[in-house]
Structures are given as C-alpha cells and as structure tokens.
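Worksheet for the structure shown next.
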Amino acid sequence: MISAIILDDEELARQITRKYLEAFPQIEIVAECADGFEGIKAIQQHKPQLLFLDIKMPKLDGFEVLELIDSKPEVIFTTAHDEFAIKAFERNAIDYLMKPFSRDRFAVALGKAITRIETEIKTPAKLEETREQINAENLNRIVIRNGSNIKIIPIESVLYIEAQDDYVMIYTSEGKFLKQQTMKYYETCLDPKYFIRIHRSYIIKIEQIKQIEPYEKDSFIVKTLTGAKLSVSKAGYKKLKEVLNF
Amino acid sequence: MEEEKSLLFKHISMNHPIVSKRTNLIIYSALSITVGIVQYILLHYFFKLDDTTASIDSIIYCTLFSFIGLAIWFMVYYNDIEKNNIFVFSISHIISATIAVTLWIFKSRFLVSLFISDNAYYNTFLEKFQYLRVVQGYLGYIIIVLFYYVLIFYQTTIDNREREESFKSLLRDAELKSLKSQINPHFLFNSLNSISSLTMFDPEKAQTMIIKLSEYLRFSLQFKPDDKITFEKEIENIQRYLEIEKIRFGKRLAMQFEISAGCNTVKVPTMILQPLFENAIKYGVHENTEETLITIKASKDEKYIKVSISNNYDPQSVGVRGQGIGLSNIKERMHLIYGSSELVQIQDKNNIFTITLFFPDSNVSSVIQNV
Chain B
1 MISAIILDDE
11 ELARQITRKY
21 LEAFPQIEIV
31 AECADGFEGI
41 KAIQQHKPQL
51 LFLDIKMPKL
61 DGFEVLELID
71 SKPEVIFTTA
81 HDEFAIKAFE
91 RNAIDYLMKP
101 FSRDRFAVAL
111 GKAITRIETE
121 IKTPAKLEET
131 REQINAENLN
141 RIVIRNGSNI
151 KIIPIESVLY
161 IEAQDDYVMI
171 YTSEGKFLKQ
181 QTMKYYETCL
191 DPKYFIRIHR
201 SYIIKIEQIK
211 QIEPYEKDSF
221 IVKTLTGAKL
231 SVSKAGYKKL
241 KEVLNF
Chain C
1001 MEEEKSLLFK
1011 HISMNHPIVS
1021 KRTNLIIYSA
1031 LSITVGIVQY
1041 ILLHYFFKLD
1051 DTTASIDSII
1061 YCTLFSFIGL
1071 AIWFMVYYND
1081 IEKNNIFVFS
1091 ISHIISATIA
1101 VTLWIFKSRF
1111 LVSLFISDNA
1121 YYNTFLEKFQ
1131 YLRVVQGYLG
1141 YIIIVLFYYV
1151 LIFYQTTIDN
1161 REREESFKSL
1171 LRDAELKSLK
1181 SQINPHFLFN
1191 SLNSISSLTM
1201 FDPEKAQTMI
1211 IKLSEYLRFS
1221 LQFKPDDKIT
1231 FEKEIENIQR
1241 YLEIEKIRFG
1251 KRLAMQFEIS
1261 AGCNTVKVPT
1271 MILQPLFENA
1281 IKYGVHENTE
1291 ETLITIKASK
1301 DEKYIKVSIS
1311 NNYDPQSVGV
1321 RGQGIGLSNI
1331 KERMHLIYGS
1341 SELVQIQDKN
1351 NIFTITLFFP
1361 DSNVSSVIQN
1371 V
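Listed in order, the protein sequences are those of chains B and C. Okay, so the first sequence: first residue is 1 according to the numbering used here, each after it adds one. Okay, so the second sequence: first residue is 1001 according to the numbering used here, each after it adds one.
If you want it as structure tokens, here you go:
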C-alpha cells in the first residue's frame, strides 16, 4: 500500500482526486486537508509517501508546506495556475496537473509516482539539491516551524538576517527566529530595493541603517535603529556606498 | 541648441541625407556628372568653345555647385516650411539662393582663371552670357531644394507607416489585455474544475454551474471597457459571479446584498465592480478557512449612487500583496471616466476591508457640468 494525502482547499477539487484514486487500489488516502496548517499536521503525523498538493491555499501555500515538513513525500501538484510549473519541478515534483485534468492525465501522473515510490529512487540529498537552485522570486513572507508552531513573518517586519552555520537567524520586530536556509537564498530572493548584503554573515534592511562608522582600520560597522552593531565587509561597504550614495 | 522641429521634420535627423547615406551620395554624384556632361556639350557644340576650355569650365562650375548643393541641406533643414510662414520661408530661400549663386560664380571664375587666362573668345563668352550662369545657378538651387524635400517627405512617409504599424500592434495588445482582465483565467479554470467534479457527483448542479458560467462569460465578453450599463445589470452579473464562486467555496463564502431601488437605473461603466469582488474573493475567501462574508450596499442620493463593498479577512494571512495594483486600476478607471479622483474610498478596520465607490448619476451630472 502507498499512503497518500490530498491537500486542497476546495472540497470539489479533493473530490475529483478521491474519485480518480478509486481506480488505484494500491493507494490509500490517509488524510484530506483543506489548508496549509492542517496539511502540515497531517503530513507530520502520517508521513505519507505521496502528496497531492494544491498551490494557492489559505494560511500557507503549497510550496511553504513543502518547506516546513520534515518528511519528503513524492509530490503531484494540482492547480489551475500555470505559472508555478518550473518552481514545482525544481522542488522535484513528480508531475504538475493543471485543473481541470482528465482521468487519463491523472493516471499518467500516478503511474510515474508509483514507479518512483516502488523503485525508491528517492535520495536524501533532494532538499539540499533544490536549495542550491534558487530561482529569483520575490519573497513576501517567511514561514518558520518550531515543533508544532508555525510562524509566518511578513517581509516588512524583517530587520536583518544573520548567518549561523547551516541556519540563519532572522531578526524581526517581534523577536528572532531560526530558520534552516542559506544566506545566498535570501540574498537572491529579497528585494534588493529594500535589503542589502553587507557581510558574509549579514543581510540588512536598508531603512534599518542608522549610522555607518569606521571600526579599527579599513573596516566599518553598521549601527541599526534597534541598536545592533553589524560588521561590514569591503564588498559590503562598496555596495552600501552605491545604494546610499555617499 | 536644437529647437523644436515641426511634424514634418520630427523624424529627420541632423545627419546630412546625402553624405550619411552611400546610395544617396552615389545618385547625387551621378546627377552632378550628368549636369557637367550636358554643360560641356552645350559649351562645346552650341557656344563653340574649344575642347579644353569647355571641359575645364564644366568641371569647375559643376564640382563647385555640387559642394554648394550639399550645404543647401542646412538651409532646408533650418528653414522649416511648416513653422515659418510662407513669406519668411520664401525670403530666406531667395537670400540664400542669391548668396549661393554669387559665391558659386565668383569662386568658379577665379578657379577657371587659374587655368585659362588669355583666351579672348572665352572672356567674351563670359561677358555675354553671364546671365545664363545666374539662371543656371537659381535653377540648380531650386532643383536641389526640391530634391531635399522629396527625400524628407519620403523618409517621413516611411516613418509614419512604421509608427502606424507599431501603434496598431499596441492597440491589439491593449484589446487582448482588456479581454484578459475581464475574465480571470484562474477563476475560469477553477470553475471548470468544480464542474468537472460535479459531473461525477451532482450532474444537476454541474449543469446549473455551466449555465451560470456561460451567462457570466457572455455578459463579460459583450461589452467594451468604455461601455455603460445600468447598475441593475452590473449587479446581476456580480450575482452570477458570486453564485459560481459559492458553488466552488461552499460554506466559506457568504454574501449579502442591500440595494435600494433607486440605484437600478443609474448607468455605470461595465465590469467596474467585478474586480472588487474578485479582490474580495482573492484576499478574503482564498486566504480564509472560516466564512468570509461579502457585503454590497448601494444607496442613492441626489447626485450619486454610493456603493460599498466589504469583506472580512483573516488577519493572519500576512504578506499576500497585490491588493494595491487592482485598486489603483479601479481608481485610475474612475478618474478617466469621471475626471475625479475623489470617487473611491478605502477603509481597512477591524479586519474588514471596505471599498466605496461613488457613481455620478449621469442625468444629474450633465446639469452639474453646466453650472
């Protein structure tokens, strides 16, 4: 048996998947969820092998759900949007079904999924791999899971980001949050109009800069509005000069 | 240094049309040589000048005139026929022609005299037929000026044609966009998906939805963006739209209409309310697992109908942007149609988003304009 979860906010859409799955007795639907939060809970609990995933959903979108779960099920996206296909395949999706899809098209996707699950070509390096391929997209919120708590941080409230080994510490107006992600990712995905990487270890929101002052010889630090002091690299200083025109 | 040019000259660059283009230069040189040969033939066979004298005279006069001809371009370029009146235009050309011809004759005579100084026959010829040279000079001036104008007109026609083409394609794009903006593809495909699902479980409901969707599409495709319809018709279409979404979202969507009877006959721009309901669905229903209530209230006073559309939203659905773009489109459209930017009000309070539009009653607004 292959365990599967259907995650879609529309009942009628879940119904189709459920109906089509009747032709595949080897698939067992262990849960059906209508929003991202529920979805994460169910995935953490059941650790399904297969996930039918809508993209636009309340609370969290499909990609954010994938970002926050520990287990990595095979994913078949089901959506009416065509603009996320590339991103979906970058996340190693098995298939991308455009609503409305036919029974035959569904069977093709499922065939691929079953083959992949049965031959277990799943590699643990999958997530790391996708982290490297960053597609420049404008991030407008950051999601963080801490145990069963999910925190959604709007980009507006991010003050600065600090590198911490394999993680980054995100400092916001509501406190700091640890997130498994690379500095490179945020450097690419945060809007350069508002954020600037000033050091190997720091990305800062430009309007948070209160003062730039020399520190020892040849190096500088930035003082933020909240009173933090962040070192600036040579390259970072050059960028600051360009952006702030001094 | 460059002053504003008239329409005719707008697309003509300062670059000399003959010097900067090889083909034009070749044509121009060929013409000059032809004129030179004709002059030689005339001098030699008609005025009986000897071989050498006729060739030297022809070569020098024609070569010099060709150079002066190149300079005439600037006269044409700066003496803008569409900007100066005909009097100024003619006077400046006459003056410049006179200067050009005088210069030409004196320079040429001087140059020729370096080669031929003691030919009595030639000297008498010069005295006797000086006036022919002057005539030749003015004629040449006119021909060259005309030549430049032909070039300019030709260039302008080509440019106009190109601009017309690009304008047409812009127009096509715009039409296509307005079509796309009338029907949101995601709405369409999600609705079709709901229908696809209903055909299996509730064929009757599927049929109802197909009919509603068809009516909605027919209505949406029927009008151009600047058409106006009665408020009643617009609301009917909104109802269709919401009923389709209601089938999709079930309990998550609730709606409430409070419309006073006086509003119904007032004309409003087509599909003006549609994007507001799409927004309410997008930022309210899409982002909320609980019920989202969309309310529309419309009332009429002497000059306006006031239409308020509000929806509650999940305050936790942070960071979903884009609300601004849709709304600025509405503001812009209202401004374009009614010439006032005060007709749209936005309120965001207690997790309820409300947008209020004021539509001038067209019967009354004409009176207002007259006052």
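Glycine is no exception: its CB is placed at the ideal position from the N, C-alpha and C atoms.
Taking CB atoms only, Leu12(B) has a neighbour in chain C less than 9 Å away. By a beta-carbon distance limit of 8 Å, Ser71(B) does not contact Val30(B). Their separation comes to about 12 Å. Under the three-pair Cβ rule at 8 Å, the segment 1268-1285 of chain C counts as touching the segment 1226-1241 of chain C. Here the C-alpha atom of Gln26(B) lies approximately 18 Å from the C-alpha atom of Arg14(B).
In this structure, the beta-carbon distance from Arg18(B) to Ile5(B) does not fall below 9 Å.
Taking 9 Å as the cut-off, the beta carbon of Ile155(B) is found closer than this to the beta carbon of Tyr194(B). Distance from the CA atom of Gly1284(C) to the CA atom of Glu11(B), rounded to whole angstroms, is 18 Å. Contact annotation, Asn245(B) with Cys189(B): C-beta distance approximately 25 Å; criterion of less than 8 Å not satisfied. In this structure, Gly1069(C) lies near Ile1144(C), with their beta-carbon atoms less than 9 Å apart. Across the set Phe1249(C), His1286(C), Ile1296(C), the C-alpha of Ile1296(C) shows the shortest separation from the C-alpha of Cys1263(C). Bounds of the beta strand (DSSP E) holding Val75(B) are 74-79.
Judged by beta-carbon spacing, Leu66(B) lies beyond the 9 Å limit of Thr78(B), meaning their Cβ atoms are not closer than that value. Between Leu21(B) and Gly39(B), the CB-CB gap reaches or exceeds 9 Å. Shown here for Tyr1313(C): same chain residues with a beta carbon closer than 8 Å to its own, the five before and five after excluded, namely Tyr1283, Gly1284, Glu1287, Asn1288, Thr1292, Asn1351, Ile1352, Phe1353 in chain order. Note that the C-beta distance between Lys239(B) and Ile196(B) is below 9 Å.
For a Cβ distance threshold of 7 Å, residue set His1186 of chain C lies close to His81(B), ordered along the chain. Cβ contact annotation for Tyr237(B) (same chain, cutoff 6 Å, sequence separation greater than five): Phe220, in chain order. If you draw a straight line from the Cα of Asn1329(C) to the Cα of Leu51(B), it is about 38 Å long. Per DSSP, His1044(C) is not a residue of any beta strand (DSSP E), being assigned neither H nor E.
Thr1289(C) belongs to the set of residues whose beta carbon lies under 9 Å from a beta carbon in chain B. Straight-line measurement puts the Cα of Lys184(B) at about 24 Å from the Cα of Thr226(B). Cβ-Cβ separation between Phe1125(C) and Leu1064(C): approximately 18 Å, too far for a contact (criterion under 8 Å).
Measuring C-alpha to C-alpha distances from Asp1361(C) to each of Ser1310(C), Lys1306(C), Arg1248(C) identifies Lys1306(C) as the nearest. For Asn1193(C), there is no enclosing beta strand (DSSP E); the residue is part of the alpha helix (DSSP H) that begins and ends at 1185-1201. Looking at the backbone, the Cα of Arg105(B) and that of Gly147(B) are separated by about 37 Å.
The continuous stretches of beta strand (DSSP E) do not include Cys1263(C), and DSSP gives it neither H nor E. Under DSSP, Glu162(B) shares a beta bridge with Met169(B), Tyr202(B). In the DSSP assignment, Lys112(B) falls within the alpha helix (DSSP H) that extends over 103-119. The C-beta separation of Thr1265(C) from Thr1230(C) comes to about 6 Å, placing the pair in contact by the 8 Å criterion.
In this chain, the alpha helix (DSSP H) harbouring Tyr186(B) covers 183-189.
The C-beta distance from Arg103(B) to Ala163(B) rounds to 49 Å, too long to fall under 8 Å, and the pair is not in contact. Sixteen is the threshold: when 16 or more other Cβ atoms of the shown chains lie within 10 Å of the Cβ of Thr1053(C), as they do, the residue is buried.
At least one C-beta of chain B is nearer than 9 Å to the C-beta of Ser1317(C).
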